Every structure is written in structure tokens, then in C-alpha cells.
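I have placed the structure first, in the form of C-alpha cells, so that the comments after it can refer back to it.
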Amino acid sequence: MNIIVCIKQVPNTTQVRINPETNTLIREGVESVINPFDTYAIEEGVRIKDKTGGKVTVVTMGPPQAEDALREAISLGCDEAILVSDRKFAGSDTWATSYTLSQTIRKIKDYDIIICGKQASDGDTAQVGPGISAHLDIPQVTYVRKIEEISAGHAKVERLTEEGYEIIESKLPLVITVVKEINEPRMPSLKGKMRAKNAQVLKWNADDIECNVNDIGLNGSPTRVIKIFTPPPRKGGEILKGDTHEVVAKAADLLKNVIIG
Amino acid sequence: MVDYLLTEEQKMIKELCHKIALEKIKPVAAEYDEKEEFPWPIVKILADSDVCGVYIPEQYGGMGAGIMGMAIATEELSWGCGGIALAFAATGLGTFPILLFGNDEQKKKYLPVIASGKKLAAFALTEAEAGSDAGSIKTTAKKDGDYYILNGTKQWITNGGEADIYSVVAITDKTKGARGATAFIVEKGTKGLEFGKKEKKLGIRASATREVIFTDCRVHKDNILSREGMGFIVAMKTFDSSRPGVAAQAVGIAQRALDEATAYAHQRKQFGQAISSFQGIQFMLADMATQVESARALVYSAARMIDAGSKDIAKVSAMCKLLASDTAMKVTTDAVQIFGGYGYMREYPVEKLMRDAKITQIYEGTNQIQRSVIAMNLIKELAKNK
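Residue numbers (the working numbering), protein chains in the order written: chain A, 4 to 264; chain B, 815 to 1200.
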């Protein structure tokens, strides 16, 4: 089975501090890590490979330093790594990013399943995975919490919903995005780290993956960021005290106001 | 941090073992200490991460990173928990006799399963009446055709009952004194090999310590390490190589105590300011940091000398164990002092560090024995240079 895992390098949020004057993130000097949700995608890809054989190719679109994230993915069990990097990709929104990744995947050609984390911890859009599926015109299942079965041409997965979960069967190739319930990512291994150090990371640019220049980077991005601001802090809640009946009645009234207005 | 000019591979070992200590060991250390359970889930993580074979040569499935790799790994894992790290480090102690004295077949049979983490090892020398005076062991191995029949009880064996592979020293000829002992490899499951109750200890409580009991236990002569009569040489040379490991365990515990004490002193306020602003506390922290770094430097020097194939390692090996373990005891005690009343409470991590540190002054040769080894070597050197 040919497994593709798409990852993103993000600032380590446990280290990010806020500039108290501007209320923006201080990104300088903050270490970059693999997007935490993508670590579950890597682990699931490697587990599928362990079960069915084949190989895991890890892909990222990003600046040259994103190579570090790819090497870490190799140390966790991925076999091949591709860095898609080009100045022309700068300013990509989720549409242009998923287009670029889909072109990369087209060039890889042989693929059975594409795995993404459910969203990135910096942008939080959860759109790139579904975008890849749309560009490639293949099925997608988002928020997968378990792969029940996977074999040549067919998969059965559990999809987490707010109410419970759905069981979905699909033909392959398929795009899935995964939630953290799906597995517990392994620690890197020393032999994996040695392999990662010596591994060759393929580097492709916009021409290599035959991108339409109008579909990439800022030009290819329909999204425009108008303004970035810090949402006002949540006001403290109100604690109702007193006789149970009165409190319940009051709570019901307050809820009515919220719902009906 | 002092730059010890570690190789790429050594940096990798340090980084990975620290990650395991921080993310997988530290969060569960207090619970293992409380329950006194053996940390099999952590052993599995170490196995999957190739850490178990760090010091085992590549041809036997390890990383070939030597005593230095072993010391770095032990130090970092012990930063997480000195008891949990011992599942790995005591396996090293049980494995060194095979590494140093095993023949090709023995190495091929045992080293790969230890390197992969499938099996743990243990070293069985100490007895009730033979601690520092290892020469008075009473466990016997009587020759019977191609076999030796072992009888006797080994005491306080780390990894006892949990390990599958035991390096055992027994008396084969009482009349020959120090030349009358022989080292054997005995596998768990051999008829006549049993384990006593699990000991209740002051510290390193995640580690299993048991009696290893031999009752007419038949061991084939192919399981002899080196040859008959070499048992004490095997034991002493093993200790020369293994002591940097215990010393590294002590450094890891001491470093953790320093880290905890520094962070606490910075956050704890008395008299309207952080206690780290008081010179009394600052001087304590400065001394602790200097002592930990000195110990680490000597441990790394000893490990590098051994890896370089130096023959005169007994003295430096004893010195690094002595310095590191005394440092660990002092630094952990000071950490408890800096924490004050909180430090004495089990809810905080430093009292455990103090309990865990104590054993490093006692096992693999008490620090009094280390001083004897050092002094003996001083006198020998003097005689040689005359």
C-alpha cells in the first residue's frame, strides 16, 4: 500500500509567548515542530504500512527549514520525504495549499491513502485535507478516530462526530484527516534518527509539480485576511445561589433569553 | 551547560533519552515509586526506541555507542526516574560479563535479544554474608559431567525475577580462594532457579530487587563465561566498566534535583521576594551546579577512557562512581532543604530524589570500597614508578 502523509511545520505552541503591548504572538526564537495533529497522521501511516506492507511518503509544502520536520517524520518510520518549496508559494491560503499538495500527489502518482492531521495548530482551519480530496476528485473522510479495515481498494473507518461516531466505507484512493483519539504516536528510535540524518529529502518546486501559476501563492488564494485581532476576553459567568426551585427557574429564564433573545 | 563535544550520535542519544524521560517517565515516576511496580511499559518504549542496545556493538544489533552512550542514556533516563532507569542500567551490569568475556556463540545468543529489549539481564554476585567482601560467597557450582550443579542464594539482585538472563558468580573450587570462582550465564526457566520475595526499599522503588535462589540448578559448561576460576576477574572487570553507569545514574538524579531546586527557588516567595534572590540560596544553588558539573565531567572522562581501550580504568572508574554518588546525595539533600517543608512532602518530587540517590553510594561497591580501589591503585602506581 502506498501511503502519503501531509504534514505542516508550526511554531511550538507550548513555547509561544504573547507580546503584551500588541497582543500578537512572539514568533522569534520559537522552535518549530511538526503540527501536533500531524504526528497522529504519521503514526497511523506507519501503522498501516506495518500491517499491509508498502511505504509511507511524507510531504510538506513550506520554506527550506521545513526539511527538519520531514527528517523527524523519517525518524518516526516514514520511508520517503518530499519538500515542496518555492518562493511562488508564498502567501498561499488553504485553497492554494491544497492545490499545491494535490499537484505533488499527482506527481507521486501511486497512492492508496492520503492522511492529514485534522487541522494545524496555528491556522486551525481544517480545510487543507478536504481541499486535497476536492482537487484530486477522490473521496474524503474527516475526523477519523479509527481505521477498522484497510485492504487493496477498500477501507472502513470510524469518523468522530459531536454526537458519537459514524462508520464509513469507501473505495481507495481516499483522503482521511485524523483526530488524536486514533493512536498514541511512538517515540522516535535511534536507528530511525540515524536513518533520518542520512536520508535524501526530495525537493520539488512549482515547475516540478506542473502548477498553474494562477492557482498558487497569493495569486491563487481567494482568501483575503482583512484584520487580525484578539477576541475580547470572555466575561465571567454568573453563579446562581439559593433555593433549588428558584435557581432552576431563574436558569431556565436566562437560557430562554439566550436562545429566543 | 558545559560543551562536552559530544558526537552527532551521542547528541541523538541524549536528546532522545531526555525526551523519553520528560514525556514518558517523569509523569509516571511518582506512581511507580508509590506502587513499587516494575516499569514494563517504559521498558517497551526503550526497546522500541533502540535504547536498550545503545552500548551493545552493531554486529549484535546494538548502536555500538559504548560506555559513553550507556552513560549518556542512563543519566538522561535517571533524570526522569532513577528507579525506572535501572531496568535499563542493571541490564547493562548483567550484560557486561557477556560483552567482556563471552565467546562468539554466547554473544550471538544473548546480545541481540538484550539489544532489542526483548530480554533484560541481571548480575548476581552479592550474598547475605558477601557484600563488600565478595570473596566470601558461598554459592557453589559442582562439576557433574558436562554440567555444573549450582546451590546457594544470591541477595538483593537488581532486576531479579524480571530479567531472563543472569550472570552468576559461584565457587567451583573452595581450596583455590580468589581463583576458585567461576562466572556462568543462567537463564530464567532453568530448573532449580527460583526467586525470593521482592524487597521493600527506601528508594529506587520502581526497580525490582529479589533473592535469586539456586537449588540443584544444572547449568551446562557451555554457559561458563571465560573459563573456570575466572569468576572474580569477570566480576571485577565488569565493575570497572559498569561503574560509570551507576555514576551517570547519580548525575541524572543530581541534575534533576538542581533543576527542581532552581525552578522552585525562583517561584517561591518569602519576605516579599523570590527566595532565589537571597544569597544564602544562591550560594547553595551555585555549589550544587558546580558539583553536578564536576561529577558529570569525571563520568564522561572515565567513559571515554574505557571506550578508547585504556587498560588502567579501575581507578578512574571508582573515582567517578565515588564523586557522582556523593554529589547526588549532597545535591538532593540540599534540594530538599531549599524546598523547606514542601521538600519533605511526598507531593513534591525532591524527597524521592534524595531517597533514590542514597543507593548510588552503596551498590556496585560501597563508596568505602571505591576509596580502597583508588588507594590501592595509588600505591600500585607508586611502586611501579619507583
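Ideal Cβ placement from N, Cα and C applies to all residues, glycine included.
If you're wondering where the values come from, they're calculated on a predicted model, not measured in any experiment.
In the three-state reduction of the DSSP assignment, B:Val816 falls in the coil class, being assigned neither a helical nor a strand state.
Runs of the beta strand (DSSP E) lying entirely within the region 181 to 237 of chain A and spanning at least 3 residues, in chain order: 204 to 207. Residue contact check for A:Leu193 against chain B: a CB pair falls below 7 Å. A Cβ of chain A is located within less than 7 Å of the beta carbon of B:Ile859.
Taking 7 Å as the cut-off, the beta carbon of B:Gly867 is found closer than this to the beta carbon of B:Ala929.
Distances from the alpha-carbon of B:Trp854 to those of B:Pro911, B:Gly931, B:Arg1024 and B:Ala997 put B:Gly931 closest.
For B:Val865, the chain A residues whose C-beta falls within less than 8 Å of its own C-beta are Leu193, listed in chain order. Residue contact check for B:Ile834 against chain A: a CB pair falls below 7 Å. DSSP places B:Leu913 inside the alpha helix (DSSP H), whose first and last residues are Gly896 to Phe915. Chain order gives the chain B residues near A:Lys196 as Met826 and Leu830, where near means a beta carbon separation below 7 Å. Look at the region 871 to 888 of chain B: the residues with a C-beta under 8 Å from a C-beta of chain A are Met877. For the region 1156 to 1171 of chain B, no residue has a beta-carbon sitting nearer than 8 Å to a beta-carbon of chain A.
Considering only beta carbons, no part of the region 36 to 60 of chain A lies closer than 8 Å to chain B. Shown here, B:Ile870 sits in coil according to DSSP, grouped into three states, outside any helix or strand. Out of B:Thr905, B:Lys840, B:Gly876 and B:Ile912, the CA that lies nearest to the CA of B:Glu890 is found in B:Lys840.
For B:Asn1181, there is no enclosing beta strand (DSSP E); the enclosing alpha helix (DSSP H) covers residues Asn1181 to Asn1199.
Exclusion of the five residues before and after A:Pro188 leaves Thr42, Tyr43, Ile45, Glu46 and Leu79 as the residues of its chain whose Cβ lies within less than 8 Å of its Cβ. Each residue's CA atom was taken as its position, placing B:Ile979 and B:Gln920 some 12 Å apart. Listed by position along chain B, the residues whose Cβ is nearer than 9 Å to that of A:Arg227 form an empty set, because the closest Cβ is around 40 Å away.
DSSP places A:Pro14 in the uninterrupted beta strand (DSSP E) bounded by Gln12 to Pro14.
Taking CB atoms only, A:Met190 has a neighbour in chain B less than 7 Å away. Residue environment for B:Tyr1177: buried (at least 16 other C-beta atoms within 10 angstroms of its C-beta).
Spatial neighbours of B:Asn965 in its own chain (CB-CB distance under 6 Å, excluding positions within 5 residues in sequence) are listed in chain order as Thr954 and Phe1028. Around the beta-carbon of B:Val1150, 16 or more other beta-carbon atoms lie within 10 Å, marking it buried. Judged by pairs of C-beta atoms under 8 Å, the region 1025 to 1039 of chain B touches the region 1000 to 1013 of chain B, as three or more such pairs exist. DSSP, reduced to helix, strand and coil, places B:Cys1031 within a strand of the structure shown. B:Asp862 reaches chain A at Arg189, Met190 and Ser192, counting residues in chain order whose Cβ is nearer than 9 Å.
Judged by beta-carbon spacing, B:Gly1017 lies within the 7 Å limit of B:Asp1170, meaning their Cβ atoms are closer than that value. Residue environment analysis places B:Asn973 among the buried positions, since at least 16 neighbouring C-beta atoms fall within 10 angstroms of its C-beta. Rounded to the nearest whole angstrom, the CA to CA distance from B:Val1113 to B:Cys1134 is 5 Å. In the DSSP assignment, A:Thr107 falls within the alpha helix (DSSP H) that extends over Thr97 to Ile111. For B:Gly1010, the enclosing beta strand (DSSP E) begins and ends at Leu1007 to Lys1012. With 16 or more other Cβ atoms from the protein chains shown falling within 10 Å of its own Cβ, A:Phe40 counts as buried. Excluding the 5 residues flanking it on each side, B:Phe1053 has same chain C-beta neighbours closer than 8 Å at Ser1131, Glu1178 and Gly1179, in chain order.
Close CB contacts of A:Thr145 within its chain, under the 8 Å cut and outside five residues either way in sequence, are with Lys121, Ala129, Gly132, Pro133, Arg162, Ile179 and Thr180 (chain order).
At the C-beta level, B:Pro911 and B:Val1048 come within 7 Å of one another.
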